[in-house]
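Colleague:
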Amino acid sequence: MLNFTIGPVMSGQEVLEIGSRQVPYFRTPEFSEIMLENEKLMKRFACADEAARTVFITGSGTASMEAVVMNVLTDQDKVLVVNGGSFGERFVQLCALHAIPHTEIKLPFGQPLTAEHLVPFDGKGYTALLINIHETSTGVYYDKQLVGEFVKRNGLFWVVDAISSFLADDFDMKALGADVMITGSQKALACPPGISAIVLGPRALERVGETTVKCMYLDLKSALSNGERGQTPFTPAVGILLQIHERLLQIEKNGGVAAEVARTAALAADFRQRAANLPIRMFSPSPSNAMTSYEVLRASAFDIFTTLKDHYGIWICPNGGELRDKVFRVGHIGSLTVDDNAALITALEDMNHKGLMG
Numbered sequence: 000m001l002n003f004t005i006g007p008v009m010s011g012q013e014v015l016e017i018g019s020r021q022v023p024y025f026r027t028p029e030f031s032e033i034m035l036e037n038e039k040l041m042k043r044f045a046c047a048d049e050a051a052r053t054v055f056i057t058g059s060g061t062a063s064m065e066a067v068v069m070n071v072l073t074d075q076d077k078v079l080v081v082n083g084g085s086f087g088e089r090f091v092q093l094c095a096l097h098a099i100p101h102t103e104i105k106l107p108f109g110q111p112l113t114a115e116h117l118v119p120f121d122g123k124g125y126t127a128l129l130i131n132i133h134e135t136s137t138g139v140y141y142d143k144q145l146v147g148e149f150v151k152r153n154g155l156f157w158v159v160d161a162i163s164s165f166l167a168d169d170f171d172m173k174a175l176g177a178d179v180m181i182t183g184s185q186k187a188l189a190c191p192p193g194i195s196a197i198v199l200g201p202r203a204l205e206r207v208g209e210t211t212v213k214c215m216y217l218d219l220k221s222a223l224s225n226g227e228r229g230q231t232p233f234t235p236a237v238g239i240l241l242q243i244h245e246r247l248l249q250i251e252k253n254g255g256v257a258a259e260v261a262r263t264a265a266l267a268a269d270f271r272q273r274a275a276n277l278p279i280r281m282f283s284p285s286p287s288n289a290m291t292s293y294e295v296l297r298a299s300a301f302d303i304f305t306t307l308k309d310h311y312g313i314w315i316c317p318n319g320g321e322l323r324d325k326v327f328r329v330g331h332i333g334s335l336t337v338d339d340n341a342a343l344i345t346a347l348e349d350m351n352h353k354g355l356m357g
């Protein structure tokens with residue numbers, strides 16, 4: 000099976016090999032050393048402040064989204080949430096669940112965030128902004144410079160869900176002024192799902208220290224305290240953390256974040272060029288390197304997903320809701336090559352020749 004989904008993605012052989020081993024006991028100096036190095040490399044790759052910290056949550060990206068909302072925001076905040084798809088909507092739901100006062104900036108599916116969307120909220124007393132910098136459900140990649148300038152201009156606390164864009168697109172946490180960055184193991188880290196990571200800048204650490212959380216498992220004070228000795232409060236997904244360690248070391252050895260972003264960008268550009276003659280068009284005018292969303296012109300997007308899976312042994316990402324039959328998504332992260340791109344294009348061209356794409 001050839002996997003072009005946006006997560007879980009295909010892992011490299013070294014990461015897969017670690018997953019085949021017996022899981023070791025983790026309350027040891029050896030595991031602590033690995034975890035401390037994981038934290039250091041995550042901070043470096045996010046271009047975070049030297050005083051920043053990284054915590055690893057055994058849970059999907061949503062677990063870390065909720066942990067952040069609970070630990071750094073209170074009912075005294077006035078929060079802006081960019082909602083351009085199902086993951087922006089998830090931040091809205093989390094704010095509502097935890098009684099965080101918030102306002103949505105609601106965007107049409109696939110459309111970029113513009114200065115005109117932000118102007119009405121300048122100088123209106125907002126304290127924080129939450130954004131999924133890559134709205135994975137639609138493929139739009141928001142203009143981080145535009146948002147960063149708005150955040151700085153208004154003195155906002157900035158939470159960035161970079162779950163699917165970390166290591167696929169440039170992201171300099173310190174230069175942009177982001178206070179929190181969230182990512183997940185099953186995206187460009189190319190490991191199995193089960194771990195999400197939160198990089199907390201100095202202002203975020205202050206907020207965590209000042210907030211009382213009515214939750215044991217997602218209490219970031221406890222995670223930070225245990226992290227000082229390279230441990231977690233509860234039993235983590237040990238095997239995945241070992242795989243993340245291997246993957247981070249690989250990225251460092253292969254030229255760091257810049258090289259990884261360049262590799263992903265090249266794969267994305269190659270695929271988009273090859274797909275240009277198919278009866279599909281890019282759904283978002285501002286895509287991430289991580290993924291391309293395609294609007295189907297004359298067929299059902301979900302049927303294309305099903306046919307590729309069942310008859311060609313290739314996975315792409317379907318959509319749900321009102322985009323189910325309109326849009327499919329092709330990932331460019333994980334252990335993919337230009338030859339894999341060619342294989343998917345060949346399958347789509349065959350489907351088109353057979354009249355299966357309209």
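Numbers 0 to 357, taken from numbering that gives the first Met the number 0, label the letters of the sequence shown in order.
Beta carbons are placed, not taken as given, at the ideal position from N, Cα and C, and that holds for glycine.
Check whether the Cβ atoms of Gly60 and Glu134 lie closer than 8 Å to each other.
Modeller: Residue mapping note: residue 60 aligns to position 61 of the sequence shown, counting from 1. Residue mapping note: residue 134 aligns to position 135 of the sequence shown, counting from 1. No.
Colleague: Of the residues Gln242, Asp76, Met215, Val198, which one's Cα is nearest the Cα of Arg20?
Modeller: Taking the sequence shown and counting its residues from 1, one reaches residue 20 at position 21. Nearest in C-alpha terms to Arg20, of all of Gln242, Asp76, Met215, Val198, is Gln242.
Colleague: Check this for me: beta carbons of Ala167 and Ile332, under 8 Å apart or not?
Modeller: Along the sequence shown, one-based indexing puts residue 167 at 168. Along the sequence shown, one-based indexing puts residue 332 at 333. In this structure, Ile332 lies closer than 8 Å to Ala167 by Cβ.
Colleague: Considering only C-alpha positions, which residue in the set Phe301, Ala261, Val260, Pro286 is nearest to Arg271?
Modeller: On the sequence shown, residue 271 is found 272 positions in, with the first residue counted as 1. Taking only the C-alpha atoms, the option nearest Arg271 is Pro286.
Colleague: Quick test of the definition: if touching needs 3 or more C-beta pairs under 8 Å, does the region 27 to 47 touch the region 223 to 237?
Modeller: yes
Colleague: Compare the C-alpha of Ser163 against each of Val14, Arg328, Ala95, Leu343 and name the closest.
Modeller: For the purposes of this step, residue 163 is taken as residue 164 along the sequence shown, with counting starting at 1. Considering only alpha carbons, the answer is Arg328.
Colleague: Could you check what DSSP says for Phe156 in three-state terms: helix, strand or coil?
Modeller: Along the sequence shown, read from residue 1 onward, the residue named residue 156 stands at position 157. Looking at Phe156 - three-state DSSP - the assignment turns out to be strand.
Colleague: Could you name the residues that DSSP lists as bridge partners for Ile130?
Modeller: Working through the sequence shown from its first residue, we reach residue 130 at position 131. Note: Ile130 sits in a beta bridge opposite Val159.
Colleague: Ignore the nearest five residues each way along the sequence and tell me which others in Gly147's own chain have a CB closer than 7 Å to its CB.
Modeller: Residue numbering aside, residue 147 sits at position 148 when the sequence shown is read from its first letter. So the list reads Leu175, Gly176, once near-sequence residues are dropped.
Colleague: Using only CA atoms, which one of Arg297, Ala268, Ile303 lies nearest to Asn340?
Modeller: Position 341 of the sequence shown, counting from 1, holds the residue named residue 340. Closest by alpha carbon: Ala268.
Colleague: Return helix, strand or coil for Gly208, following the three-state DSSP convention.
Modeller: Here residue 208 is taken as the residue at index 209 of the sequence shown, counted from 1. Here Gly208 sits in helix by DSSP.
Colleague: Could you pull the DSSP bridge partners for Met0 from this structure?
Modeller: Position 1 of the sequence shown holds residue 0. Looking at the DSSP assignment, Met0 forms no beta bridge with any residue, so it has no partner.
Colleague: With DSSP collapsed to three states, give me the class of His244.
Modeller: The sequence position of residue 244 within the sequence shown is 245, counting from 1. If DSSP states are grouped into helix, strand and coil, His244 belongs with the helices.
Colleague: Do the region 49 to 67 and the region 212 to 224 make contact, defined as three or more Cβ pairs closer than 8 Å?
Modeller: The region 49 to 67 is in contact with the region 212 to 224.
Colleague: Relative to the C-alpha of Val159, which residue among Phe25, Tyr311, Ala261, Gly87 is closest?
Modeller: On the sequence shown, position 160 is the one that residue 159 refers to. Comparing Cα positions, the closest option is Gly87.
Colleague: Which value, in whole angstroms, describes the spacing of the CA atoms of Met281 and Gly109?
Modeller: For this step, residue 281 is matched to residue 282 along the sequence shown. For this step, residue 109 is matched to residue 110 along the sequence shown. Straight-line spacing of the CA atoms in Met281 and Gly109 works out to 10 Å.
Colleague: Which of helix, strand or coil does DSSP assign to Cys316?
Modeller: Locating residue 316 in the sequence shown gives position 317, where the first residue counts as 1. DSSP places Cys316 in strand when its eight states are reduced to three.
Colleague: Counting C-beta neighbours from all protein chains within 10 Å, is the total for Ser224 16 or more, i.e. buried, or is it exposed?
Modeller: For the purposes of this step, residue 224 is taken as residue 225 along the sequence shown, with counting starting at 1. Residue burial is scored here from C-beta neighbours: Ser224 has fewer than 16 other C-beta atoms within 10 angstroms and is therefore classed as exposed.
Colleague: Beta-carbon separation of Ala187 and Ala289 under 8 Å?
Modeller: Indexing the sequence shown from 1 puts residue 187 at position 188. Indexing the sequence shown from 1 puts residue 289 at position 290. Cβ atoms of Ala187 and Ala289: closer than 8 Å.
Colleague: Hey, Phe380 and Ile194 are a contact pair by Cβ (cut 8 Å); roughly how many whole angstroms apart?
Modeller: No information on residue 380 is available, as it lies outside the stretch 0 to 357 that the chain covers here.
Colleague: If the criterion is Cβ atoms closer than 8 Å, does the pair Leu296 and Pro278 meet it?
Modeller: As a working note, residue 296 is residue 297 in the sequence shown. As a working note, residue 278 is residue 279 in the sequence shown. Against a cut-off of 8 Å, the Cβ pair of Pro278 and Leu296 comes out as a contact.
Colleague: In angstroms, rounded to a whole number, what distance separates the CA positions of Ile313 and Thr305?
Modeller: Stepping through the sequence shown from its first residue, residue 313 is reached at position 314. Stepping through the sequence shown from its first residue, residue 305 is reached at position 306. Going by the C-alpha atoms only, they are around 9 Å apart.
Colleague: In the DSSP output, what is Ile279 paired with across the bridge?
Modeller: Taking the first residue of the sequence shown as position 1, residue 279 is located at position 280. According to DSSP, Ile279 bridges with Val295.
Colleague: As a quick exercise: from Leu1, Asn70, Met9, Arg52, pick the residue whose alpha carbon is nearest that of Val207.
Modeller: One-based indexing of the sequence shown puts residue 207 at position 208. That would be Asn70, whose Cα lies nearest to the Cα of Val207.
Colleague: Which first and last residues belong to the beta strand (DSSP E) in which Thr53 is found?
Modeller: Along the sequence shown, one-based indexing puts residue 53 at 54. Here the beta strand (DSSP E) through Thr53 covers 52 to 57.
Colleague: Can you name the start and end residues of the alpha helix (DSSP H) that Thr263 belongs to?
Modeller: Along the sequence shown, read from residue 1 onward, the residue named residue 263 stands at position 264. Note, Thr263: alpha helix (DSSP H), 255 to 273.
Colleague: Where does Tyr125 sit, in a helix, a strand or coil, going by DSSP?
Modeller: Translated into the one-based positions of the sequence shown, residue 125 becomes position 126. Looking at Tyr125 - three-state DSSP - the assignment turns out to be coil, as it is neither helix nor strand.
Colleague: Compute the distance between the beta-carbons of Lys77 and Gly124, then report whether it is under 8 Å.
Modeller: Locating residue 77 in the sequence shown gives position 78, counting from the first residue. Locating residue 124 in the sequence shown gives position 125, counting from the first residue. Yes, the Cβ-Cβ distance between Lys77 and Gly124 is below 8 Å.
Colleague: Using 8 Å as the threshold, is the C-beta distance between Phe156 and Arg202 below it?
Modeller: By 1-based counting over the sequence shown, the position of residue 156 is 157. By 1-based counting over the sequence shown, the position of residue 202 is 203. Taking a C-beta distance under 8 Å as the contact criterion, Phe156 and Arg202 qualify as a contact pair.
Colleague: How would you call Asn318, buried or exposed, if buried means at least 16 neighbouring beta carbons within 10 angstroms?
Modeller: The residue labelled residue 318 in the question sits at position 319 within the sequence shown. A buried status is given to Asn318, since no fewer than 16 other beta-carbon atoms sit within 10 Å of its beta-carbon.
Colleague: Taking Val80 as part of the beta strand (DSSP E), name the residues at either end of that continuous run.
Modeller: Along the sequence shown, read from residue 1 onward, the residue named residue 80 stands at position 81. Counting along the chain, the beta strand (DSSP E) containing Val80 begins and ends at 78 to 82.
Colleague: As a quick exercise: from Ile104, His310, Ala257, pick the residue whose alpha carbon is nearest that of Leu355.
Modeller: Counting from 1 along the sequence shown, the entry for residue 355 is found at position 356. Of the candidates Ile104, His310, Ala257, the residue whose Cα lies closest to the Cα of Leu355 is His310.
Colleague: Taking C-alpha atoms, which residue in Glu245, Val91, Leu240 lies nearest to Tyr24?
Modeller: On the sequence shown, residue 24 is found 25 positions in, with the first residue counted as 1. Of the candidates Glu245, Val91, Leu240, the one whose C-alpha sits nearest the C-alpha of Tyr24 is Leu240.
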